[in-house]
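*Asks:*
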Amino acid sequence: MNSASSIQESRDEIVPSGPLIRLSLWVGDRNLPFWVLSIGMIVMLLWAGAFKMTKPGAEGIIPLVSNSPLISWQFKLLGPYMGSNMIGATEWTAALLFIVGYARPKAGLIGALITTIMFFITSTMLVSTPDATIAWKGFRYMNNLGLFLFKDVISLGVSLYFISYYGRRVMLDEARTDS
Numbered sequence: 001m002n003s004a005s006s007i008q009e010s011r012d013e014i015v016p017s018g019p020l021i022r023l024s025l026w027v028g029d030r031n032l033p034f035w036v037l038s039i040g041m042i043v044m045l046l047w048a049g050a051f052k053m054t055k056p057g058a059e060g061i062i063p064l065v066s067n068s069p070l071i072s073w074q075f076k077l078l079g080p081y082m083g084s085n086m087i088g089a090t091e092w093t094a095a096l097l098f099i100v101g102y103a104r105p106k107a108g109l110i111g112a113l114i115t116t117i118m119f120f121i122t123s124t125m126l127v128s129t130p131d132a133t134i135a136w137k138g139f140r141y142m143n144n145l146g147l148f149l150f151k152d153v154i155s156l157g158v159s160l161y162f163i164s165y166y167g168r169r170v171m172l173d174e175a176r177t178d179s
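Residue numbers for the sequence shown follow UniProt numbering, so the first one is 1 and each next one is one higher.
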C-alpha cells in the first residue's frame, strides 16, 4: 500500500467536524493553493518580464543588479539593457513553462527550477542592495525597496513548493506509464 492511498483511507474514516475543517478540506480538494499561487506567479512573471524589456524597467533594476555579487557580471558583460532583456526573457520562459506544466508536469518542474534559481539570486539582493533597510531608534527596518525585494523571498518559497508539486506529478506520470 502506498502512502497516498493510506492517507486517503485514513481521511475517509475521519468525519470532518467544524466549519474550518470543512473549509480546509474544500480548499484542499480543489487544490486552490496551487491554482492561486501558479496563476499569480504566471501573471507576475509575464508582467515583470515585459517591463524589464522596456527602458524604464531596465534602468529601474540597475541599482539592484549592480550591487549583487551573483549577477552584476551580467550587466558588466552585456550592458543594462541587454542584461535586463535577458532577465525578462527568463521570466517569460518560466511563465510559459508553468502554463505548459498544467498538461506536461516536466515543463512545470523546469519552470520551477528556473524560478528557484532566479528568486534565490534576487532574494540575496535584500542584503546586497544599499538602502534596502533604514535605521530608526536603533533598529533596522525594511523600507519600500526592502519590502519590494522581500517579495522575492516569498516567491522563492512558492518556487520550492512548485518543485515539490511538479516533481510529484512527474513521478506519478512516470509510474502510470511504467504500469
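We treat Cβ as the ideally placed atom computed from N, Cα and C, and that holds for glycine.
1) Could you check how far apart the C-beta atoms of M53 and G88 are, in whole angstroms? I think they sit under 8 Å.
2) What residue range does the beta strand (DSSP E) around S102 cover?
3) Return the CA-CA distance between I99 and W136, expressed in angstroms with no decimal places.
4) Starting from the N-terminal side, write out each stretch of the beta strand (DSSP E) that is 3 residues or longer and does not extend beyond the segment 14-59.
5) Comparing alpha-carbon positions, which option in F34, M118, G49 lies nearest S68?
6) What would DSSP say about A132, mapped onto helix, strand or coil?
7) Would you say the segment 147-157 touches the segment 113-133, given that touching needs at least three Cβ pairs under 8 Å?
8) Would T177 be called buried (16 or more neighbouring beta carbons within 10 Å of its own) or exposed?
9) Do M142 and T129 come within 8 Å of each other at the CB atom, strictly closer than that value?
*Replies:* Reading from the atomic positions:
1) Within the sequence shown, residue 53 is the residue found at index 53, counting from 1. Within the sequence shown, residue 88 is the residue found at index 88, counting from 1. With 8 Å as the limit, M53 and G88 qualify as a contact, their Cβ atoms being about 4 Å apart.
2) The residue you call residue 102 lines up with position 102 of the sequence shown. It should be noted that the sequence gives Tyr, not Ser, for residue 102. No beta strand (DSSP E) contains Y102, which DSSP labels as neither H nor E.
3) As a working mapping, residue 99 is identified with position 99 in the sequence shown. As a working mapping, residue 136 is identified with position 136 in the sequence shown. One C-alpha to the other measures close to 44 Å.
4) none
5) On the sequence shown, residue 68 is found 68 positions in, with the first residue counted as 1. Ranking the options by Cα distance to S68, first place goes to M118.
6) Within the sequence shown, numbered from 1, the residue matching residue 132 stands at position 132. Here A132 sits in coil by DSSP.
7) yes
8) Residue numbering aside, residue 177 sits at position 177 when the sequence shown is read from its first letter. Burial call: exposed.
9) The sequence position of residue 129 within the sequence shown is 129, counting from 1. The sequence position of residue 142 within the sequence shown is 142, counting from 1. Their beta carbons are not under 8 Å apart, which means T129 does not touch M142 by this criterion.
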